[in-house]
Structure formats: structure tokens, C-alpha cells
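Everything below concerns the one structure shown next.
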Amino acid sequence: MSQPEPTQPDASVEERDQRADDERDRQTLEAELEVLREENRRLRDSYARAKRATFRRTAMGFFVVGGLSLIAALLFPALQTIFVAFGGTGVFAGIVTFYLTPERFVSTSVSDTVFETLADVEQHLVRELELQTETVYVPTTSRPETNARLFVPQHVEYVVPDVAELAELFVTSNVEAAQGVSLPPTGDRLYTEFERSASGDLGDDPGAIATQLTAALSEQFELVDETTIEIDDENRNASIALDNPAFGDIHQLDHPVVSLLAVGFATGLDRPVTVETREDDRFSGVVTVSWDDIEQPSVQSGDTTTRTQETTATPEND
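The opening position of the sequence shown corresponds to residue 0 in numbering that gives the first Met the number 0, with each subsequent residue numbered one higher.
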């Protein structure tokens with residue numbers, strides 16, 4: 000008698016089993032992903048509630064101090080004026096703190112990641128176009144919608160373009176030395192907010208400009224912990240040492256802290272400025288803003304002033 004041949008597994012059955020396994024794996028992964036998303040939402044909501052609770056506890060503390068001060072004003076008539084002032088201040092601070100509690104909180108890591116992505120894109124653009132490393136912040140007082148533009152020249156020996164030419168991303172001037180790219184500085188809108196909140200007149204000399212800008216960085220925007228200013232009138236530059244700046248490494252292209260300083264100096268002095276950053280053992284970094292030998296030409300009049308890293312002049316003999 001002949002032996003029966005062993006049956007071969009049906010290929011279609013194996014494929015169905017494989018597809019079923021893949022489908023189960025996909026569903027498992029989707030379920031795990033949804034659990035992680037829900038956990039992230041829960042953590043964000045919990046963090047926001049905790050922050051709001053902190054603000055509201057602070058507000059309640061102000062209310063308690065204000066109420067106790069008003070009660071003390073009734074108990075001690077001789078000090079009534081002082082206690083009423085304390086009471087009014089406490090109640091007002093409590094109301095402001097309670098109603099101005101933020102509804103959304105963005106972590107530092109998120110803001111750092113967003114800026115680093117933007118900086119990578121700009122740096123890639125500079126490399127691809129083979130532009131120079133020097134950056135020039137040019138005031139645009141004739142264009143009320145902006146305070147300054149960031150010009151990155153194509154040539155080592157360059158001319159600062161006219162303000163009208165800086166309105167476009169790619170500066171294609173008839174003057175070859177004026178070619179490059181023009182970018183909106185990250186510090187432009189920060190400077191606008193700084194102007195709006197300024198209680199007095201803005202300074203127009205380097206010392207006053209540096210003092211007001213560093214105060215805004217540390218107190219208004221809280222982008223740095225501490226700053227130290229050094230003005231070099233002879234070499235026409237200002238060095239600002241920064242301690243623990245936000246947004247990471249200040250050597251990145253158009254770092255917000257560096258950009259605000261540059262836009263502020265360019266606008267305050269009403270002339271183009273360049274910036275350099277360097278390391279320092281005592282601080283997180285030092286920003287040097289320079290306005291030496293940088294002139295903005297008038298293209299209409301044909302006047303062009305060339306900025307070079309090394310400039311030499313040799314008179315011609317008749």
C-alpha cells in the first residue's frame with residue numbers, strides 16, 4: 000500500500016494568520032499610543048491646575064494681608080493712614096493676581112525646541128547660499144511696521160543695502176557688494192513690546208540704551224538672570240555679559256536675547272550694528288554690539304560705503 004503524502008500548509012491560511020497578527024499588533028500599538036496621549040493630556044492639565052492654584056494662593060495671601068491691614072487701621076487710629084495704604088495695596092494686588100492668572104503654560108523645553116528649529120533653518124539657508132558669518136542689524140525707521148532687518152552679506156567686503164531693498168528676503172542689488180539675504184530679526188517684536196511698556200523716553204546714547212535693554216531682558220521678559228554692561232566709547236562697541244539666558248546657546252544665529260540687544264542698539268542709535276558672541280568663564284556668554292565704521296548708503300544718491308573686515312587705503316599718484 001502506498002503511504003499518503005504529507006499535506007503542505009495552505010499559503011493563503013498563513014497569509015491570513017500573518018495579517019491577523021499584524022492587525023493585532025497595530026491595534027495594540029494604537030491603544031498604547033492613545034494611553035500615552037491621554038496621560039500627556041492629564042499631566043498637562045495637572046501642571047496647569049497646579050500653576051493656577053499657586054497663583055490663586057498668592058492672590059489669597061494678598062487678600063489676607065490687605066484685610067488684616069484694614070482691620071489694624073480700625074484698631075490703631077494713630078497708624079490708620081499706613082495700614083489703609085497697606086490694605087489697599089494688598090487688595091489691589093490680590094485682584095490683579097487672581098484675574099490675570101495664565102490659562103496656558105508653555106514649558107521652557109518647548110520654546111527652546113521651537114527656536115532651535117527656526118535657527119537650524121536659517122543657518123542651513125546661510126550655508127547653502129555660502130553667505131558670510133557676520134550679521135548686520137539695519138534700522139528701518141522709514142518702515143513703521145518693523146524696527147530693523149537682519150542682513151547677512153554674501154561678500155566679505157560688503158555694502159549695507161538701502162532699507163527698501165531689505166524688504167525682500169533675497170537682496171539682489173545692482174551693487175554686487177550689497178547682495179545677501181534679509182531676515183526679520185527674532186528680537187524685532189520683543190523690541191516693540193519693550194517700547195510699548197517703557198515708562199519714559201528711550202535712550203539715544205549707548206549707555207542708556209544698554210541699561211534699558213538689559214533691564215527689559217532680566218525684569219520684563221525674564222530671558223536672563225543677570226547682566227553686566229561695559230561700554231567702549233573709543234572702539235564704539237558695547238559688551239553685555241549674560242547669565243543663564245533663555246533659548247539655549249547664544250551663539251546660534253539671531254538668538255532672541257542677542258537679537259533684542261542688536262535691534263535695540265540699531266534703533267536707538269539709528270545706524271547699522273554688528274554683533275559678536277564669545278565665551279566667558281564668569282558668565283554664560285558675552286554679546287558685543289559694534290557700530291564702528293558701519294554706514295548705511297543712500298542708493299538713490301549713488302553713495303556706497305563698503306564695510307570690510309580689513310580695510311586698507313592707498314592713494315593714487317597723478
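Where is the CB? At the ideal position from N, CA and C, for every residue including glycine. Remember, predicted model here, so these are calculated numbers, not experimental data.
Rounded Cβ spacing between residue i and residue j (contact assumed at less than 8 Å)
i, j, result
"E164", "V155", "Their Cβ separation, rounded to whole angstroms, is 20 Å, which puts E164 and V155 out of contact at 8 Å."
"V162", "T273", "In fact, because the Cβ distance is near 17 Å, the residues do not count as touching under 8 Å."
"D204", "A147", "Their Cβ separation, rounded to whole angstroms, is 18 Å, which puts D204 and A147 out of contact at 8 Å."
"N236", "D291", "6 Å"
"T266", "Y190", "7 Å"
"T145", "P183", "7 Å"
Bounding residues of the alpha helix (DSSP H) (the contiguous stretch that carries residue i)
i, result
"A207", "P205 to A214"
"G267", "P255 to L268"
Terminal residues of the beta strand (DSSP E) in which residue i lies
i, result
"P76", "First-last for P76: undefined, no H or E at that position."
"D242", "N236 to D242"
"E275", "V272 to R277"
"V286", "G284 to S289"
"T226", "E225 to D231"
Check whether residue i and residue j have beta carbons under 8 Å apart
i, j, result
"N243", "S283", "yes"
"L130", "S181", "no"
"V286", "V262", "no"
"T140", "D269", "yes"
"V125", "V159", "no"
"L222", "Q211", "no"
"S238", "E229", "yes"
"L67", "V83", "no"
"Q219", "S196", "yes"
"A118", "L252", "yes"
"F61", "G86", "no"
Residue i classed as buried or exposed, judged by whether at least 16 other C-beta atoms fall within 10 angstroms
i, result
"A214", "exposed"
"H254", "buried"
"N173", "exposed"
"A207", "exposed"
"V288", "buried"
"A72", "buried"
"V12", "exposed"
"D21", "exposed"
"T132", "exposed"
"V137", "buried"
"G65", "buried"
"T307", "Residue placement at T307 is flagged as unreliable, the pLDDT there being 45, under the threshold of 50; the coordinate-derived value follows with that caveat. Exposed: under 16 other Cβ atoms inside 10 Å."
"T310", "Residue placement at T310 is poorly supported in this model, since its pLDDT is 38, which falls under 50; the coordinates still yield a value, given next. Flag for T310 reads exposed."
"T304", "Low confidence applies to T304: its pLDDT is 45, below 50, so where it sits in the model is not reliable enough to give any reading."
"L241", "buried"
"Q299", "For Q299, the predicted model reports a pLDDT of 42, less than 50, meaning its position is unreliable; a value from the coordinates is still stated below. So Q299 counts as exposed."
"T185", "buried"
### Query
What are the start and end residues of each continuous alpha helix (DSSP H) run of 4 or more residues lying completely inside the segment 138 to 217, in chain order?
187 to 196 and 205 to 214
### Query
Can you list, in chain order, the stretches of the alpha helix (DSSP H) that have 4 or more residues and sit fully within the segment 12 to 36?
none
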